[in-house]
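Notes to accompany the following structure.
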Amino acid sequence: MSKKSGNDVLLENRKARFLFFLSDFMVAGLVLTGTEIKSLRARNASLSDSYVTLRNGEAYINNMHISAYKDGTIWNEDPLRARKLLLTKQELRKLERELKGTGMTVVPTKVFLQRGYAKVEIALAKGKKAFDKREAIKERDTKQAISKAIKDHNRGGRNDD
Numbered sequence: 405m406s407k408k409s410g411n412d413v414l415l416e417n418r419k420a421r422f423l424f425f426l427s428d429f430m431v432a433g434l435v436l437t438g439t440e441i442k443s444l445r446a447r448n449a450s451l452s453d454s455y456v457t458l459r460n461g462e463a464y465i466n467n468m469h470i471s472a473y474k475d476g477t478i479w480n481e482d483p484l485r486a487r488k489l490l491l492t493k494q495e496l497r498k499l500e501r502e503l504k505g506t507g508m509t510v511v512p513t514k515v516f517l518q519r520g521y522a523k524v525e526i527a528l529a530k531g532k533k534a535f536d537k538r539e540a541i542k543e544r545d546t547k548q549a550i551s552k553a554i555k556d557h558n559r560g561g562r563n564d565d
């Protein structure tokens, strides 16, 4: 299997974009053991309901589900274990500063491969209220309607609605 030079996005957390206002994106390395990387490459993982915690000056991703590798042995890891994130001291200090005393949290937005290594994009997140979510739904529906109208117009067909 040859290594690609580009980034290969394995997972995306679209739910986080709907539930939170995201800012200050960072890329962190992901510490995996055993057959977890094989399972991740097969896209047998989920980022929904996952979040990042800071403990003892280190960052950990919690509730990231990586299914057991189907051809693995008894050495498969727990699918929901906390996995360490590799960040610099400056990035960790920045996260601690931002999280202290505010209603912010850190959520993973996507997992990708970069030169064969698993990386996680994390972002600072502030929860949306119900009316913000309704606005997002309305905006999405409007964009879909506009793109459908443009597509129909370019086809030469008429929309008699």
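Okay, so the sequence shown: first residue is 405 according to the numbering used here, each after it adds one. Yeah, the Cβ is synthetic: ideal placement off N, Cα and C, and Gly gets one too. Computed from a predicted structure; not experimentally measured.
Residues near residue i in its chain [Cβ-Cβ closer than 7 Å; skip 5 each side]
i, result
"lysine 530", "Phe424, Phe425, Gly507, Met508"
"alanine 540", "Phe422"
Member of the options whose CA lies at the smallest distance from the CA of residue i
i, options, result
"valine 435", "Leu517, Ala527, Gly560, Gly505", "Leu517"
"leucine 451", "Lys504, Asn466, Gln494, Asp428", "Asn466"
"alanine 463", "Ala432, Thr477, Phe422, Arg501", "Ala432"
"valine 456", "Leu414, Gly520, Lys488", "Lys488"
"methionine 468", "Gln548, Glu539, Glu440, Ala549", "Glu440"
"lysine 504", "Leu458, Asn480, Asp545", "Leu458"
Which of helix, strand or coil DSSP assigns to residue i
i, result
"leucine 503", "helix"
"lysine 523", "strand"
"glutamate 440", "helix"
"arginine 445", "helix"
"glutamate 462", "strand"
For residue j and residue i, the rounded distance between their alpha carbons
i, j, result
"leucine 528", "glycine 560", "45 Å"
"valine 515", "lysine 498", "21 Å"
"leucine 444", "tyrosine 473", "9 Å"
"proline 483", "serine 427", "28 Å"
"valine 510", "glutamate 416", "15 Å"
"lysine 442", "arginine 485", "16 Å"
"lysine 419", "aspartate 453", "9 Å"
"methionine 430", "threonine 437", "22 Å"
"lysine 537", "glutamate 500", "28 Å"
"aspartate 412", "serine 471", "19 Å"
Extent of the continuous alpha helix (DSSP H) run through residue i
i, result
"isoleucine 554", "534-559"
"alanine 420", "418-423"
"leucine 451", "Note, leucine 451: premise wrong, no alpha helix (DSSP H); not H, not E."
Same chain only: Cβ atoms within 8 Å of residue i, ignoring 5 sequence neighbours per side
i, result
"arginine 421", "Thr513"
Endpoints, beta strand (DSSP E) assigned at residue i
i, result
"arginine 487", "487-490"
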